[in-house]
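Remarks on the structure that follows.
Protein chains in written order, with UniProt numbering: chain G, 1 to 704; chain D, 1 to 468.
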């Protein structure tokens, strides 16, 4: 055996493909020596683990099921679980052994048998499962009972109708009174699982059950506690007495070492908070602070989810963590996703008192090695300066300092932040920030947001900007390649400049940009915007123009995102669940498991095979039909085009010629802007039609 | 909760998995490495905008399937589910899983998973059923899942003549320990020891961030009380701590403001936070009776953990760091360390990790204490000092030749990495915690027992000093 072992090792090392490995296994499995059989089973499982198909060995493995060796039994059971689906008929042969095993004197074997039976997803098995399941649910040994409780959920998943009919769900409910806490906990878990599957609330907590749950909470395993806490979180308390009782019993769990128990307890308490007096609420919130921070002493993955949940809780109760700023400081070795999440929370919990500490911390982050962290830190400094006015001066100074020892990637975020600061404090910090803008060129920045912000500042504070016209010239040259966001800003900018600081050059640039925007730009919004400006400018009413274009934007109050109140309430329910990470209610990303009624009997497997064939045939037919339809469509569209398209096409061509001339003419004639305005007022309809014409043609011509 | 648990290698290929609900197709796991890459770069909100390689958020959704994973060494441990699962509990479970497996085979990595598949299957079967976590207590599991596992060490030996370890345990009748379903799930009845002893270690690890002017930016003290007990029967233990610490503990549990109260009382404040107890501690009694009473698990356990905020804490070591760059060809780094505590205390095993640029050449050192070593993998020079007494000061200078092609940004980057310090001090803890007594009572056996207490202060992972 030793030699064989070594040989296998070597094979594995050199990855030598084995010839007829399966036949070798087969002989091993029927060997007369039990040691060799067991050894072979292990090798089969090893092959299964690495993804080889060993399903053909099913009958031979099955021969080894009747054994007193627990390890071997476990391995055989594991094999059965994995390949039951491919050999449903043969599986039935194993049922006898299974049923026998559920009556084995050893509780470990009884539990193993009932656990595995539930995992064999063959419908025939269901018929054999009911009796042993009933027996094991009433077993003397709690270990067997707790395993059987979970098996009810498995049965429900396989055949929900049978499961209900046979009264297993009622048995589960009775099990809540079991003398053993672990059994109670598993009964609750099973009920919760079934509720989730069937979308029905099976665990209707009432006064009696509530008492039972709270009693069990202190005595069962960590995972059992979580199930109980989940059940408690869903419970709608009836009176203040119940609220008090729940809070009293759940609060000690905040000191549990398992973070999941802690967060689930927090959720239960949060849900009761609305029903208590504001005094108690304050006190309870204070009590939650330290457990919330303690979630951050866990591994990064857990911290990440914890932070996502903290964000939700913070929106509901903003003051809760104000004293614990430092717990959220970044550690050098934190993974990136965690660093970004921490910065987000830091800004949210900042107050007047701790803002300046936070600011100097953010300044350190802004000199980090990682670009993403740097950008996020700069954004955070901006958010902070807008949120808390008293430190805005310091924040602007830091931003300026960052700009002085800049690296190129700092600039883009910086520009966006400067725009926000200007929108919040208008001219207060203008002298400082304008020097930054004065130094910048279009070459320095790249992202649409940054370009857009830069352009906005140029337009809004054009009087302050040195070499304005050169900059605008570059802008007009690059206009065509810009992102729609930046284009839109560029339009506004050039119009504003012309209203406040117009010169011959700027007028020319305005004309150029308006022309480009209306003729060459595909984005409809930008085009429309250009038209509107054009129309407004062509009125002679300067006051109106100023009123519309130079209108002051409302002062920016915050740049920190918040949830809508409705969403927030849903998210509170989602705490510790997946929805809390995605910031979406579960319905937004979960596809219901059983779209049809949960209580529909699933098809027997034999009929399923037929069903599958039928299904395939159906889809085939449907697809063919679809293809045929497509073909028809083609013809249809061709015909349509022949009927209507062609004339229009010709029409368009003629139109295009007509149209080009007026625009060209207009360009010649309206060299000067004032002329343009004068001319426009009369010519607009024609101009408009003319301009629309070719555009439309372009659109239609596009596909051809 | 979880439908399936996968172990994947560093490239996202499956090594081993266990299906619990059979509702996830295998194509889902095949997509995992692609999704990791996609989600790390994509800018959509759902998968967390713009994350770098290897920094994908540990939870994401694709096509109705939710991926929840964590990384351990070079492995991915991945759980998938279709329902709105308790993701937090799933992650905690995965961590417990890793912990248990490490307990069984010393180190959990690709090789050890391949070699121990059958015990891993067995554990996966026992620890989770239909997606519901069951038992994750290693001690209890070890009582009835005993199959000896290959540890990596035995693998390195030529194993030709070695008998398969599994063979020795054949036919051994195994029974589920009562503890599995007991109210006291962490201790089996009937434990016997010749000597009845209990050791308490109060360990406080300090995380500190100090700037280049030796000013303290942030500090955190993580305290744990480790209990190692070898006691027979079902002993009832009561741990008594000094009143000041205990009061602060209870205040923190209640969420009261400790500092202000301590100030009124005219005492030096201690602010204890995040007090956490092992599951064996009766949580209700702490607040009601100011008592930490429990029946401990046999062997080692972490009885209690806490965090301390000490506003009066000073940096324990003063660092003076200077760097001179000789026209991008040669670097000189000078580090001076001064022990900033009373002379009667001394720190042991001081290690200073000094970051240097990548690929430096022939480093030369001048120093008056300890020894120095260049660690090319970490791009750092390690300065080890066996013992440093309070008030003492040592200097070292390292001369490094830079590679001919040196990137300026690289030179900039290495200075942003802080110096990291490691050390250990015995005999006192910074929080002022004192163990007053540890009462041990076993009602049936009534034996004599001996508790021992030790106090240790040491550095945590992040005792960092910024140099820029």
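Cβ coordinates follow ideal geometry from the N, Cα and C atoms, glycine included. As the structure is a computational prediction, the values presented were derived from the model and not from experiment.
Please tell me whether residue 386 of chain D has its Cβ less than 8 angstroms away from any Cβ of chain G. As a working mapping, residue 386 of chain D is identified with position 386 in the second chain. Cβ-Cβ to chain G under 8 angstroms: no for residue 386 of chain D.
Per DSSP, cross-strand counterpart(s) of residue 439 of chain D: On the second chain, position 439 is the one that residue 439 of chain D refers to. DSSP, once it has assigned bridges, lists D:238 as partnering residue 439 of chain D.
Check this for me: beta carbons of residue 333 of chain D and residue 383 of chain D, under 8 angstroms apart or not? In the second chain, the residue the question calls residue 333 of chain D occupies position 333. In the second chain, the residue the question calls residue 383 of chain D occupies position 383. No.
Going by beta carbon distance, what residues of the same chain come within less than 6 angstroms of residue 18 of chain D, once the five residues before and after it are set aside? Translated into positions along the second chain, residue 18 of chain D becomes position 18. Correct list, in chain order: 5 and 124.
Pull out every residue of the segment 118-130 of chain D whose Cβ sits closer than 8 angstroms to any Cβ of chain G, in chain order. 118, 121, 122, 125, 129 and 130
Can you pull the chain G residues whose beta carbon is under 7 angstroms from the beta carbon of residue 66 of chain D, in chain order? As a position in the second chain, residue 66 of chain D is number 66, starting the count at 1. Residues of chain G with a Cβ closer than 7 angstroms to the Cβ of residue 66 of chain D are, in chain order, 578.
Excluding sequence positions up to five away, which residues of its chain have a Cβ less than 6 angstroms from the Cβ of residue 523 of chain G? Walking along the first chain from the start, residue 523 of chain G turns up at place 523. For residue 523 of chain G, where only same-chain residues beyond five positions count, the Cβ hits under 6 angstroms are 484.
Thinking C-alpha only, which one of G:211, G:430, G:145 and G:440 is nearest residue 470 of chain G? Taking the first residue of the first chain as position 1, residue 470 of chain G is located at position 470. Taking only the C-alpha atoms, the option nearest residue 470 of chain G is G:440.
On the DSSP bridge list, what partners appear for residue 163 of chain G? Within the first chain, residue 163 of chain G is the residue found at index 163, counting from 1. DSSP output for residue 163 of chain G lists no bridge partner at all.
Output yes if chain D places a C-beta closer than 8 angstroms to the C-beta of residue 194 of chain G; else output no. On the first chain, residue 194 of chain G is found 194 positions in, with the first residue counted as 1. Chain D, which has no Cβ nearer than 8 angstroms to the Cβ of residue 194 of chain G, makes this no.
Residue 456 of chain D, DSSP secondary structure in three states: Taking the first residue of the second chain as 1, we reach residue 456 of chain D at position 456. Three-state result, residue 456 of chain D: strand.
Could you tell me whether the Cβ of residue 293 of chain G comes closer than 8 angstroms to any Cβ of chain D? As a position in the first chain, residue 293 of chain G is number 293, starting the count at 1. Answer yes: the Cβ-Cβ gap between residue 293 of chain G and chain D drops below 8 angstroms somewhere.
Name, in chain order, the residues that DSSP records as bridge partners for residue 338 of chain D. For the purposes of this step, residue 338 of chain D is identified with residue 338 of the second chain, where counting begins at 1. Answer is D:318 and D:393, bridged to residue 338 of chain D.
Rounded to a whole number of angstroms, what is the C-alpha to C-alpha distance between residue 251 of chain G and residue 491 of chain G? Mapped onto the first chain, residue 251 of chain G falls at position 251. Mapped onto the first chain, residue 491 of chain G falls at position 491. Roughly 59 angstroms between the two C-alpha positions.
Of the residues D:94, D:34, D:60 and D:451, which one's Cα is nearest the Cα of residue 84 of chain D? Here residue 84 of chain D refers to the residue found at position 84 when the second chain is read from its first residue. For residue 84 of chain D, the nearest C-alpha among the options comes from D:60.
Hey, out of G:531, G:145 and G:364, whose CA is closest to residue 488 of chain G's CA? Within the first chain, residue 488 of chain G is the residue found at index 488, counting from 1. The shortest C-alpha separation from residue 488 of chain G is found at G:531.
Expected contact under 8 angstroms - CB spacing of residue 370 of chain G and residue 402 of chain G to nearest Å: Stepping through the first chain from its first residue, residue 370 of chain G is reached at position 370. Stepping through the first chain from its first residue, residue 402 of chain G is reached at position 402. Wrong, their Cβ atoms sit about 15 angstroms apart, outside the cutoff.
Less than 8 angstroms between CB atoms is the rule here; does residue 115 of chain G satisfy it with respect to chain D? Stepping through the first chain from its first residue, residue 115 of chain G is reached at position 115. Interface residue, yes.
Which bits of chain G does residue 22 of chain D rub up against, with CB to CB less than 7 angstroms? In the second chain, the residue the question calls residue 22 of chain D occupies position 22. Correct list: 121.
Interfacial residues, the segment 277-292 of chain D to chain G, with Cβ spacing under 7 angstroms: 277, 278, 279, 283 and 284
Per DSSP, what are the beta-bridge partners of residue 132 of chain D in this structure? In the second chain, residue 132 of chain D corresponds to position 132, counting from 1. Paired residue(s): D:129.
Just by C-beta distance, which residues in the segment 312-339 of chain D are closer than 9 angstroms to chain G? none
Are residue 67 of chain D and residue 12 of chain D closer than 8 angstroms when you measure CB to CB? Residue mapping note: residue 67 of chain D aligns to position 67 of the second chain, counting from 1. Residue mapping note: residue 12 of chain D aligns to position 12 of the second chain, counting from 1. Going by C-beta atoms, residue 67 of chain D is not nearer than 8 angstroms to residue 12 of chain D.
Roughly how many angstroms separate the alpha carbons of residue 432 of chain G and residue 497 of chain G, rounded to a whole number? Taking the first chain and counting its residues from 1, the one referred to as residue 432 of chain G is at position 432. Taking the first chain and counting its residues from 1, the one referred to as residue 497 of chain G is at position 497. Using only the alpha carbons, I get a separation of about 22 angstroms.
Along chain D, which residues have their Cβ under 7 angstroms away from the Cβ of residue 367 of chain G? Working through the first chain from its first residue, we reach residue 367 of chain G at position 367. Within chain D, 416 have C-beta atoms less than 7 angstroms from the C-beta of residue 367 of chain G, given in sequence order.
Any idea if residue 426 of chain D is buried or exposed, counting beta-carbon neighbours within 10 angstroms, 16 or more meaning buried? Mapped onto the second chain, residue 426 of chain D falls at position 426. Exposed.
Hey, residue 450 of chain G and residue 415 of chain G are a contact pair by Cβ (cut 8 angstroms); roughly how many whole angstroms apart? Within the first chain, numbered from 1, the residue matching residue 450 of chain G stands at position 450. Within the first chain, numbered from 1, the residue matching residue 415 of chain G stands at position 415. Correct: roughly 5 angstroms between the Cβ atoms.
Is residue 119 of chain G helix, strand or coil by DSSP? Looking up residue 119 of chain G in the first chain gives position 119. In the structure shown, residue 119 of chain G sits in a helix (DSSP, three-state: H, G or I).
In angstroms, rounded to a whole number, what distance separates the CA positions of residue 122 of chain G and residue 253 of chain G? Taking the first residue of the first chain as position 1, residue 122 of chain G is located at position 122. Taking the first residue of the first chain as position 1, residue 253 of chain G is located at position 253. Going from the Cα of residue 122 of chain G to the Cα of residue 253 of chain G covers about 41 angstroms.
Alpha carbon to alpha carbon, what distance is there between residue 196 of chain D and residue 448 of chain D? Translated into the one-based positions of the second chain, residue 448 of chain D becomes position 448. Translated into the one-based positions of the second chain, residue 196 of chain D becomes position 196. C-alpha separation (whole angstroms): 7 angstroms.
Go ahead and label residue 27 of chain D buried or exposed: buried means 16 or more other beta carbons lie within 10 angstroms of its beta carbon, across all protein chains shown. Taking the second chain and counting its residues from 1, one reaches residue 27 of chain D at position 27. Classification for residue 27 of chain D: exposed.
Any idea if residue 664 of chain G is buried or exposed, counting beta-carbon neighbours within 10 angstroms, 16 or more meaning buried? Mapped onto the first chain, residue 664 of chain G falls at position 664. Interpretation of residue 664 of chain G is limited by its pLDDT of 42, a score under 50 that renders its predicted location unreliable; the figure taken from the coordinates is listed afterwards. Flag for residue 664 of chain G reads exposed.
Taking the C-alpha atoms as reference points, what is the distance between residue 363 of chain D and residue 401 of chain D? Numbered from its first residue, the second chain carries residue 363 of chain D at position 363. Numbered from its first residue, the second chain carries residue 401 of chain D at position 401. If you take the alpha carbons of residue 363 of chain D and residue 401 of chain D, they lie about 7 angstroms apart.
So, residue 257 of chain G versus residue 277 of chain D, is the Cβ gap smaller than 8 angstroms? Walking along the first chain from the start, residue 257 of chain G turns up at place 257. Walking along the second chain from the start, residue 277 of chain D turns up at place 277. Going by C-beta atoms, residue 257 of chain G is nearer than 8 angstroms to residue 277 of chain D.
Answer yes or no: does any C-beta atom of chain G fall closer than 8 angstroms to that of residue 449 of chain D? Position 449 of the second chain, counted from the start, is the residue given in the question as residue 449 of chain D. Not one chain G Cβ lies under 8 angstroms of residue 449 of chain D.
So, do the segment 49-66 of chain G and the segment 74-87 of chain G have three or more beta carbon pairs nearer to each other than 8 angstroms? yes
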